[in-house]
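Scroll down for the structure; my scribbles are underneath it.
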Ligand SMILES: [Cu+2]
Ligand SMILES: [Zn+2]
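In the numbering used here, the protein residues as written are 663 to 868.
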């Protein structure tokens, strides 16, 4: 087919389309205008599915890592039982036979070589520092862990005034083991440097 023949053959098709399109568009428009608006008239609003209640977390864990130049490490498990938080610490690398101050600190930032990123004692109530048997104490004051002859310690304490969620939540905060003994003195128990730091995170509840 020559060039001009193709133009001649295509020409009428284009012309028909040009004529037909406005007609099609017009009939479509008419159909649209005449039809009711089904979404608004006949379909009821979709009801969102009920949101299942989220259970408050009950278990947490902190993996304790030594700060620079120290060897203290271990695992601390925390379990919420009613309004009491049971704290169970298993540590090693402590000074044999010595008591080491042990606290929940404000922040879970263990990135600094000396553990200072954990900030001060967790103290939402604005109290003075104290040992666990004192009524006046920071919520994060957990007393001391006592190392055995090998420098290992198992320590359990149940405390109130802290939770894993909501107000007074300690999830994401820090746990610190100190070089020295917490003697209950102000402002923070004279417990010296920070030898281990761990961030409190969610744990699987059994
Ligand atoms: Cu501390
Ligand atoms: Zn304190």
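For glycine and all other residues, C-beta sits at the position ideal for the given N, C-alpha and C.
Residue i versus residue j: straight-line alpha-carbon distance, rounded
i: residue 777; j: residue 837; result: 10 Å
i: residue 857; j: residue 773; result: 13 Å
i: residue 850; j: residue 718; result: 31 Å
i: residue 716; j: residue 744; result: 17 Å
i: residue 810; j: residue 787; result: 34 Å
i: residue 727; j: residue 713; result: 39 Å
i: residue 785; j: residue 822; result: 12 Å
i: residue 834; j: residue 766; result: 11 Å
i: residue 841; j: residue 825; result: 27 Å
i: residue 798; j: residue 733; result: 32 Å
i: residue 802; j: residue 710; result: 42 Å
i: residue 754; j: residue 724; result: 14 Å
i: residue 804; j: residue 783; result: 10 Å
i: residue 790; j: residue 707; result: 56 Å
i: residue 827; j: residue 819; result: 19 Å
i: residue 739; j: residue 860; result: 11 Å
i: residue 735; j: residue 800; result: 24 Å
Chain-order list of residues whose beta-carbon lies under 6 Å from that of residue i (same chain, five-residue window excluded)
i: residue 721; result: 741, 865, 867
i: residue 832; result: 766, 824, 862
Outcome for residue i when other beta-carbon atoms lying within 10 angstroms are tallied against a minimum of 16
i: residue 729; result: buried
i: residue 751; result: buried
i: residue 749; result: buried
i: residue 731; result: exposed
i: residue 816; result: exposed
i: residue 829; result: exposed
i: residue 770; result: buried
Closer than 7 Å: residue i CB and nearest ligand 2 heavy atom
i: residue 816; result: no
i: residue 843; result: no
i: residue 803; result: yes
i: residue 781; result: no
i: residue 850; result: yes
i: residue 800; result: yes
Contact test: residue i Cβ vs ligand 1 heavy atom, cutoff 7 Å
i: residue 763; result: yes
i: residue 840; result: yes
i: residue 733; result: no
i: residue 751; result: no
i: residue 767; result: yes
i: residue 724; result: no
Neighbourhood of residue i by C-beta, 7 Å cutoff - its chain only, sequence neighbours within 5 removed
i: residue 806; result: 761, 762, 763, 764, 843, 844
i: residue 757; result: 809, 813
i: residue 775; result: 729, 730
Self-check item: In chain order, each beta strand (DSSP E) run of at least 3 residues that lies wholly inside the segment 766 to 847
Solution: 803 to 808, 815 to 821, 836 to 840
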